[in-house]
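Structure first, commentary second.
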Amino acid sequence: MTHNFGAGPCILPQEVFKQASQAVLEFNGTGLSILEISHRTPEFEAVVDETVRLVKELLNVPEGYSVVLLQGGASLQFAMVPMNLLAEGETAAYLNTGVWATKALKEAKIFGNVNVVASSKDDNFTFIPKDFEIPSDSAYFHYTSNNTIYGTELMTVPETSVPVVCDMSSDIFSRVIDVSQFSLIYAGAQKNMGPAGLTLAIVKDEILGKIDRKIPSMLDYKVQIDGGSMYNTPPVFAIYVSMLNLRWLKSKGGVAEIEKENISKSEALYKEIDRNPLFKGTCSIEDRSRMNVCFVMENPELEKPFLKFAEDRDIIGIKGHRSVGGFRASMYNALPITSVHTLIDAMQEFAEKHR
Ligand code: PLP
């Protein structure tokens, strides 16, 4: 068995891949592939409906919110959010906790003013700033809940009276959230939801329609919502596989159950990092991510040999992002805890050899 600690895209359970591959050959008794069936058929409309229903059910989305399936990745949301919510002359508040947050606020500057309320850039984003104020006249407050590259995660929503917008690309569906605390949540699907090519947005209806600027139809949340996520040809396969994966998540007991597993997995690995004299974590302990565990070796010369040692045990994808170095073990929902134990065993065996 290969233990895939890669950061993505699209780490899903084997059974989901199997069902998806079957549907490429023949979808649901139609005699057609999921790739060729018209997206306007009742069969495919049922797929979109079920996907939206599962998102609502699994995240307990309250009344007054629309769930919409988009394209363009989270990166397009960086622009779509200010285009739809930030009027010229207004200011939006951004918390800068990494590369993705930096890219998001860069796009917002095209449409209005940006107030970076706090940033941990000077410390290479190794922590999440806590001490900041969000001016009450901000159009909205934007933050990234999980910083995929640096391995930090903000579990609590900062207190504010202004609408909260969150990039949840890399931790959505990994833990219980209270959607009512947010005005807009978006996520590239490709971590815990499904294949790349699909982007999820959960939008509080009342925040839309307040901006005068002309918005191209494809980039207008209202148009996309009114079009039932089918304003244009949707990414049919990515939606279908996401639906299968959300069914899998539901069958596991839903987000609360997977959160327990994610806690066990991350606690076990952080415990080993803190215990093993060869390794050390890279970010502040209180901000540690459950999804992306970043660590280095006390002796950097041992990093290459450890990478090889791990690969020999079918542990792949642990090389750290180039801006952090060392290692990053990404532990999305589909990664079994047995894989985490395999990595821990490898760290222990390696430490034995290098005492
Ligand atoms: N935001 C976060 C937190 C991410 O992890 C990523 C990609 O990994 C992105 C945004 C960019 O997503 P996309 O590639 O879908 O544009």
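Here the working numbering = 1-based position in the sequence shown + 20. Built from N, CA and C at the ideal position, the CB exists for glycine as well. Note that the structure is predicted; figures quoted are calculated from it, not measured.
State the start and end residues of the unbroken beta strand (DSSP E) segment that holds residue i.
| i | result |
| --- | --- |
| M317 | 312-317 |
| D157 | Run containing D157: none; DSSP gives neither H nor E here. |
| L115 | 111-116 |
| V134 | 133-139 |
| F347 | 347-350 |
Please confirm whether any heavy atom of the ligand PLP lies closer than 8 Å to the CB of residue i.
| i | result |
| --- | --- |
| Q39 | no |
| T253 | no |
| N166 | yes |
| T219 | yes |
| A258 | no |
| I169 | yes |
| S271 | no |
| S190 | yes |
| K211 | yes |
| G93 | yes |
| L1 | With the chain covering only 21 through 375, there is no way to say anything about residue 1. |
| W268 | no |
| D307 | no |
Considering residue i, what are the terminal residues of the alpha helix (DSSP H) in which it resides?
| i | result |
| --- | --- |
| A94 | 93-105 |
| F47 | No alpha helix (DSSP H) holds F47; DSSP gives it neither H nor E. |
| F25 | Segment: none, F25 is in no alpha helix (DSSP H) and carries neither H nor E. |
| A66 | 62-79 |
| P325 | 323-331 |
Under the DSSP definition of a beta bridge, which residues are partnered with residue i?
| i | result |
| --- | --- |
| L1 | Only positions 21 to 375 of the chain appear in this structure, which leaves residue 1 out of reach. |
| V344 | BP columns for V344 are empty, so no partner. |
| D187 | T164, Y206 |
| I192 | Partner(s): none; I192 has no beta bridge. |
| T172 | N167, R308 |
| F299 | M317 |
Closest by CA to residue i, which one among the options?
| i | options | result |
| --- | --- | --- |
| M21 | D334, S350, D143 | D334 |
| Q433 | P356, H341, L264, G214 | Since the first residue of the chain shown is 21 and the last is 375, residue 433 is not available in this structure. |
| V134 | A276, Y85, E108 | E108 |
| D332 | D365, P236, N212 | D365 |
| S350 | R310, K373, R342 | R310 |
| I305 | F152, M367, F147 | F147 |
| R375 | W120, E153, P297 | P297 |
| G132 | V81, V101, L89, L79 | V101 |
| G248 | S86, E77, E46, F25 | S86 |
| Q34 | L355, N104, I130 | L355 |
Between residue i and chain C, is there a C-beta pair that is closer than 9 Å?
| i | result |
| --- | --- |
| P297 | No chain C appears in this structure, which consists of one protein chain only. |
Could you check whether the region 159-172 touches the region 310-326, counting it as contact only if at least three pairs of C-beta atoms, one from each stretch, sit closer than 8 Å?
Pairwise C-beta distances place the region 159-172 in contact with the region 310-326, as three or more of them are shorter than 8 Å.
May I ask you to verify whether the region 132-143 touches the region 194-206, counting CB pairs closer than 8 Å and requiring at least 3?
Look at the beta carbons and you see the region 132-143 not touching the region 194-206: under three pairs across the two are nearer than 8 Å.
Assess, as a yes-or-no matter, whether the region 180-187 is touched by the region 59-67 under the definition of 3 or more beta carbon pairs within less than 8 Å.
With a cut-off of 8 Å, the region 180-187 and the region 59-67 do not count as touching, because too few Cβ pairs lie within range.
Within 8 Å, do at least three Cβ pairs link the region 223-232 to the region 200-209?
Enough Cβ pairs lie closer than 8 Å, so yes.
So does the region 107-124 actually touch the region 153-165, counting three or more Cβ pairs closer than 8 Å?
Under the three-pair Cβ rule at 8 Å, the region 107-124 counts as touching the region 153-165.
Between the region 282-294 and the region 237-245, do three or more beta carbon pairs fall short of 8 Å?
Between the region 282-294 and the region 237-245 there are fewer than three C-beta pairs closer than 8 Å, too few to call the two in contact.
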